[in-house]
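Residue numbers (our numbering): 164 to 458.
From the three backbone atoms N, C-alpha and C, an ideal C-beta is built for every residue, glycine too.
For reference, the structure is listed below as structure tokens.
What follows is the structure, given as structure tokens:
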């Protein structure tokens, strides 16, 4: 069974989790280091005993740290979404934009969750001033009882995982996170897609991509990099940086869900790249009886 986190973002790897877990292969004695943790769906399903989960998006880190600290509880989420959902149902988009303005002023984690689940297509996007700018998803009845229960259960489940694992969250640049790694650690890297428009929280350009590549290639840790390989329109030129025989590369299909209509949503071929042999077949579809590795 795949565990789903309480927040969503474009490029979330929920459907790729079985293949990513297969690619990790063996336990490691150090900690899991993930410099672009995003929704945390991969860590949530690999469930390493020790982890350093970082991101430059302070709102994600604050959200998960609040769950870890017991400040943001399942009960509080339920009460908040019931109340805010009722107001959204009555006032529609006007209220969504009121909450968005409120969040951009105070950065409240409950408002962050509300916007993430009520915005257009679950997109997480911020402008240059750091303000959330995704429009309303045009679903005033979004927070029906069953949907709220689903989110509440996701928060509850995430808290249970945190209570039983030694995970640390931090706002940090990928350079600082990778500097913490040693030969006993495992690095999982899912950066913004190189060569594609990215305003998830801040910019990502060719210089960043090249520096990340250099740091990974010099690392003493085992790593697994997830990035895009190609789509029907073009190829990722950054893949050429991984032609050295020291590195393994496998590809698999990943459906991209950000388009406004089905016609604009297309398959993306994903690349998994590692500095160890990827010897197992990577399958996207695993049965619900598959066991998750507990590292």
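Give every residue of the same chain whose Cβ lies closer than 8 Å to the Cβ of residue i, excluding the five residues on either side of it in the sequence, and list them in chain order.
i, result
"residue 301", "256 and 283"
"residue 376", "401, 404 and 405"
"residue 328", "210, 211, 212, 213 and 214"
Between which residues of its own chain and residue i is the CB-CB distance below 6 Å, once the five residues before and five after are set aside?
i, result
"residue 235", "229 and 272"
"residue 252", "303 and 304"
"residue 359", "Its pLDDT being 47, under 50, residue 359 is placed unreliably by the model, and the measurement read from it follows with that caveat. So no residue of the chain qualifies."
"residue 332", "216, 224, 227 and 228"
What is the DSSP secondary structure of residue i, counted as helix, strand or coil?
i, result
"residue 202", "coil"
"residue 297", "coil"
"residue 423", "Here residue 423 scores only 46 on pLDDT, less than 50, and its place in the model is too uncertain to base an answer on."
"residue 376", "helix"
"residue 196", "strand"
"residue 189", "coil"
"residue 292", "coil"
"residue 441", "coil"
"residue 177", "helix"
Between residue i and the rest of its own chain, which residues show a CB-CB distance below 7 Å, the 5 nearest in sequence each way excluded?
i, result
"residue 166", "207, 208 and 320"
Relative to the C-alpha of residue i, which candidate in the options has its C-alpha closest?
i, options, result
"residue 348", "323, 382 and 433", "382"
"residue 431", "438, 398, 439 and 237", "398"
"residue 240", "415, 169, 328 and 367", "169"
"residue 294", "325, 164, 322 and 260", "260"
Looking at the unbroken beta strand (DSSP E) that takes in residue i, where does it start and where does it end?
i, result
"residue 350", "349-352"
"residue 213", "213-218"
"residue 436", "430-437"
"residue 386", "385-393"
Is residue i near the ligand PLP, going by C-beta to nearest heavy atom under 7 Å?
i, result
"residue 327", "With respect to the ligand PLP, the structure shown offers nothing to examine, as it has no ligands at all."
Taking a contact to mean a Cβ-Cβ separation below 8 Å, would you say residue i touches residue j in this structure?
i, j, result
"residue 388", "residue 379", "yes"
"residue 202", "residue 224", "no"
"residue 270", "residue 222", "yes"
"residue 434", "residue 367", "no"
Hey, is residue i's beta-carbon within less than 8 Å of any beta-carbon in chain D?
i, result
"residue 267", "The chain labelled as chain D is not found in the depicted structure, where only one protein chain is given."
Could you spell out where the alpha helix (DSSP H) holding residue i opens and where it closes?
i, result
"residue 407", "Careful: residue 407 lies outside any alpha helix (DSSP H) and carries neither H nor E."
"residue 331", "Counting along the chain, residue 331 falls outside any alpha helix (DSSP H), though it belongs to the beta strand (DSSP E) covering 329-334."
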